[in-house]
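Below is one structure, written out as structure tokens; comments come after it.
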Amino acid sequence: MMMNLQKELRQAIPSLHLVAHDGAKTIRGRLPVIAADGTELDSYEVEIELAPNHPNSPPIVREVGGRIPRTLDRHNPNGIACLFVPDQQWEFWNEQTSLIDFIKIGAVQQFFFSQTYFEETGVWPFGERAHGLSGIKQYYFELLGTDSLRIDICFLHLLSVDRFNHLLPCYCGKISKICNNHIGLVRQMRTKISRDWALCIAQALARSLPLRKTRLLRVARTVPLLTGHFSRTDRARFKFK
Amino acid sequence: MNADSYLQEILKQQTLKEDSTEIKELIRHRNEVEALIINEFANSSPTIDFGGSHAKGTMIKANFDIDIVSYFPHDDTEPGDSLKEIFKSVSELLSQNYTVREGTSALRLQSKDSITLGRDFHIDVVPGRWVDDEGGDSYLHVNKGPKNWLKTNLRKHIDYVAKSKAIDTIKLAKFWNYQAGLKIKTFVLELMVIDALNGTDELALGSAEAMKKFWLYLKDNRDTLRAEDPANPTGNDLSGLIEEIRYTICDAAEDALEHCSENDWCKIFGKLETDTDIPRISILSSTANAYAQTAAKPWGVG
């Protein structure tokens, strides 16, 4: 794998080099930012650390030239580039994604292009996500075309249940079953987002609801957790703290 | 445009003038560092000076770093008894104004401001101690490796590079190092260029021929590539700086030679910066539009 990757890199992005150190594999060097017309717009010194379980997890990308401030506002806390929200990993890093494409034209290239664009205009060309949980919440708002936190939570809950069937209450509020025009998205997203992650985000979002009482009431109204649609295990897992 | 004129144009574009904003900024930081050190160690009389590529005249615009040496008298213990103590006390002092990243022997200065936090100023402060009163050799603390100190001589380094008359080739080699993303330490690169050009006609220095000779040297010494500190040939082992990237360097040199044989110098050094009618903002916008449908929005762990 090492030799192949080295060869691919040498052809596709000759200014990046694969280095193996203490068992870890890292791609280091200068990443050119390429304009639509193929010219080099800018470049960054980067380190791209392949995950120990590569390619199952995406690499960690760092800007090491000290050019991008290490702040959340620049999406670069501790020097680690926050390329996208974890819930979008399936879009940018999946079985079809090659490492070279990920770097050369995919999320890595887009991140550094965004940085150059921001540096020169003060605007993020593709927008930006809020930090932390709020950014994840935004993603689901966009995905579901809503601004309701309850709907986000209910949707995530449907992604997290072990025993899924169409008779579960829909995230839109319909109690009797999942609506026909919503079930496709739920099924699709259940293949993209892990159960545990969905549960963890649902719980975190529920905790972010303003008041404990209101929170419980709101959630109970839309997600009839106590109506028997969900298994006991599901109910136990979906506890609002 | 032939290869030599192309390289001359590259050199012109990579020259940093003394009145450039970059140099002015470096001088401002140097003065700040000097004031901090002198105020703190009022009873000492440390030597604060530019070292590295600024002193040698080998700085390039694309990737410039400067060294600010801060050497204390050999019998002065105010900043600390040992070299490590000197290193640590200068580090702590600079931390008042900067984010300080401790390197092998130098302290890298970065921004401490909340908006630009971590932005690199391209400045390394090198604390050390003179060996004697003559101000030639100096001792530096070393963070890594078996030995925790090294003996060096800044003046000898500067003279060695100046005497080689290979400044232009060194600048081109540095630009190649940057373009190819190799990260060869500047000092090691300078030594390798000088070694490779040993015996070359002075007129050929800085030319396409000199660059080819340098790459050929790297290619031919794939397994034996080394660098020797002229100030301390036996006591300062530089092999660790080459070992990890030895084959990457040689592969890149091989690629460069291949591009030379095709007369495709742009593949090595990139296109020359020319005045274009298209404003940069239009290029940025059209690129943003090309990506817009599929682009990832940056996030923050928070």
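Here the protein sequences line up with chains A and B, keeping their order.
Basically the numbering used here = 1-based index in the first sequence + 102.
Basically the numbering used here = 1-based index in the second sequence + 2.
Don't be surprised by glycine CBs; every beta carbon is placed ideally from N, CA and C.
Values in this document were obtained by computation on a predicted structure and should not be read as measured data.
Interface positions of the region 231-244 of chain A facing chain B (Cβ-Cβ less than 9 Å), listed along the chain: R231, A232, H233, G234, L235, S236, G237, I238, Q240 and Y241
Could you tell me which residues DSSP pairs with A:A122 in its beta bridges? A:K127
Beta-carbon separation (whole angstroms), B:L109 vs B:L119, contact threshold 8 Å: Not really, about 17 Å apart at Cβ, beyond 8 Å.
Chain A contacts from the region 289-303 of chain B (Cβ-Cβ distance under 9 Å): T289, A290, N291, A292, Y293, A294, T296, A297, A298, K299, P300, W301, G302 and V303
Along chain B, which residues have their Cβ under 7 Å away from the Cβ of A:S216? P300
Going along chain B in order, which residues have a C-beta closer than 7 Å to the C-beta of A:E142? G272
Can you tell me the Cα-Cα spacing of B:F271 and B:T23, whole angstroms? 24 Å
Determine the burial state of B:A294: buried for a count of at least 16 other Cβ atoms within 10 Å of its Cβ, exposed for fewer. exposed
Please return the same chain residues whose Cβ sits closer than 6 Å to the Cβ of B:N150, not counting the five positions on each side in sequence. V144
Which bits of chain A does B:A182 rub up against, with CB to CB less than 7 Å? P116 and S117
Pairwise C-alpha distance: A:I207 and B:F66: 28 Å
Given a limit of 9 Å on CB to CB distance, which residues of the region 172-190 of chain A reach chain B? R172, T173, L174, D175, R176, H177, N178, P179, N180, G181, I182, A183, C184, L185, F186, V187, P188 and Q190
Compile a chain-ordered list of the residues in the region 164-191 of chain B whose CB is closer than 8 Å to at least one CB of chain A. Y180, Q181, A182, G183, L184 and K185
Would B:P235 be called buried (16 or more neighbouring beta carbons within 10 Å of its own) or exposed? exposed
Do you know whose CA, among B:Y73, B:F123 and B:N41, lies nearest B:E136's CA? B:Y73
Proximity winner among A:L201, A:L174, A:L143 and A:G168, relative to A:T128 (alpha-carbon distances): A:L201
Please work out which residues of its chain come closer than 8 Å, Cβ to Cβ, to A:G237, disregarding the five sequence neighbours upstream and downstream, and give them in chain order. V187 and R231
Please confirm if B:L96 has its CB atom under 7 Å from at least one CB of chain A. no
Within 7 Å of any Cβ in chain B, is that where the Cβ of A:P227 sits? yes
Using a Cβ cut-off of 7 Å (strictly closer), state whether A:Q212 contacts chain C. Chain labels in this structure do not include chain C; the protein chains are A and B.
For B:S288, the first and last residue of its enclosing alpha helix (DSSP H): R282 to Y293
Whether B:I68 touches B:H56 by CB criterion (7 Å): yes
With C-beta atoms as the reference, is B:Y162 less than 7 Å away from B:K153? no
Alpha-carbon spacing of A:W226 relative to A:Y219, whole angstroms: 7 Å
At 4 residues or longer, and completely inside the region 156-207 of chain B: list those alpha helix (DSSP H) runs for me, N to C. 156-166, 169-181 and 188-198
Threshold first: 3 residues or longer. Then list the beta strand (DSSP E) segments lying entirely within the region 78-104 of chain B, N to C. 101-104
Chain B within 7 Å of A:R132, Cβ atoms only: yes
Counting only Cβ pairs nearer than 8 Å, list the residues of chain B close to A:G247. What A:G247 touches in chain B: nothing, since even the nearest Cβ is about 17 Å away.
Whole angstroms is fine: what's the gap from A:Q198's alpha carbon to A:K239's? 26 Å
Smallest Cα separation from B:A10: which of B:E275, B:L286, B:R282 and B:A290? The amino acid at residue 10 of chain B is misidentified as Ala; the sequence shows Gln. For B:Q10, the nearest C-alpha among the options comes from B:E275.
What span of residues does the alpha helix (DSSP H) with A:Q191 cover, start to end? Q191 to F194
Using the beta-carbon count (16 or more within 10 Å), is B:D122 buried or exposed? buried
Skipping 5 residues on each side, what residues in its chain have a beta carbon closer than 7 Å to that of A:T293? none
Give me the Cα-Cα distance between A:A122 and B:A298, rounded to the nearest whole angstrom. 29 Å
With a CB to CB cut of under 7 Å and the five nearest residues on each side skipped, what residues in its chain are close to A:G330? Its pLDDT being 37, under 50, A:G330 is placed unreliably by the model, and the measurement read from it follows with that caveat. Counting only Cβ-Cβ distances below 7 Å, and skipping sequence neighbours, we find nothing.
Residue range of the alpha helix (DSSP H) that includes A:S236: G234 to L246
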